[in-house]
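Enquirer:
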Amino acid sequence: MVRKTLIAGNWKMNGLQEDGVALAKGVALEAKKRARKDCEFLVCPPFTLLTSVKKALKGSRVMLGAQDCHYAASGAHTGDVSPVMLKDLGCQYVIVGHSERRTNHYETNELVAKKASAAIEAGLKVIICIGETEAERDAGKTIDVCSAQIMGSVPENATAANTVIAYEPVWAIGTGRTPTANEVEDVHAAIRKVISKKLGRANANKMRILYGGSMKPSNAKELLALPDVDGGLIGGASLKVADFMAIAAACPTLTK
Ligand code: 13P
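Everything in the sequence shown is counted per numbering that gives the first Met the number 0, starting at 0 for the first residue and increasing by one.
1. Which residue wins for smallest C-alpha separation from Ser213, given the options Asp242, His187, Thr141 and Ser195?
2. Using the three-state DSSP reduction, which class does Cys90 fall into: helix, strand or coil?
3. What are the partner residues of Arg207, as DSSP defines its beta bridges?
4. Which word fits Met206, buried or exposed, when buried means at least 16 other C-beta atoms lie within 10 angstroms of its C-beta?
5. Following the continuous beta strand (DSSP E) through Ala256, name the residue where it begins and the one where it ends.
6. Examine the ligand 13P and report whether any of its heavy atoms sits within less than 7 Å of the Cβ of Ala236.
7. Please say whether Pro168 and Ala117 have beta carbons closer to each other than 8 Å?
8. Does the segment 80-97 come close enough to the segment 53-68 to have 3 or more Cβ pairs within less than 8 Å?
9. May I ask whether a heavy atom of the ligand 13P can be found less than 7 Å away from the beta carbon of Glu221?
10. Is it the case that the CB of Gly14 approaches a heavy atom of the ligand 13P more closely than 7 Å?
11. Flag this pair as touching only if the segment 159-166 and the segment 191-210 have three or more C-beta atom pairs under 8 Å; answer yes or no.
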């Protein structure tokens, strides 16, 4: 019993001040009222909402994270935000290597590893995202692709205490489609083996591996019950308090 369930919301590029604050307050209130005490909650709003969401979450058990960072601590990087700045603002987590960044911003494994390493160095925890495209899945390359992403994107300073992996099949994101439960478990178990190869067995056994990609109240119970699924990274359904909390409530166990 070493891996505590993490229910994480990736708000992506959604939310203006008023609705972002309302969503954060709603999650904080419901987390306090209903949810079982030992699962962890995290919300990752866009940069523009981090300060106001931090205020809205004050005194609650919901943690704050960002969706990306640069690898440098400061300097001439117009438009970027450093991990040191995120830590300074009060973030506990940062997502790196989301497929939307790998695709839209041409982020490579090497760059993701640099960002993750710098974020860990700055005292943040990282959620490193991996996952195959539909063409890769159809070609039977899912495990190979995910293994290569783990080997290339997880930095040397990663440990179970500072790093979470999120398996997000690209074709399942925002589509309403998901792999079968068996397929998800197979990939998660394979990911754990690769982590063991890279970071040793103790880290692999303790490191949380989240599932992401069209997780919603109706499929959360089945997915979260899988032995190697330690929580969810939730996009669309994290934008509604009721759906986000219903996913948390569907979680059959709190630690694995
Ligand atoms: P959806 O839950 O909207 O499919 O998004 C998943 C995701 O990309 C989380 O990072």
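The beta-carbon is built from N, C-alpha and C at its ideal position, and this holds for glycine as well.
Expert: Taking the structure as given:
1. Selected option, being the one with the closest Cα: Asp242.
2. coil
3. According to DSSP, Arg207 bridges with Val163.
4. Around the Cβ of Met206, a 10 Å sphere holds 16 or more other Cβ atoms; the residue is buried.
5. Absent from the structure is residue 256, since the part of the chain shown begins at 0 and ends at 255.
6. yes
7. no
8. As far as the Cβ criterion goes, the segment 80-97 touches the segment 53-68, which means the pair count is three or higher.
9. no
10. no
11. yes
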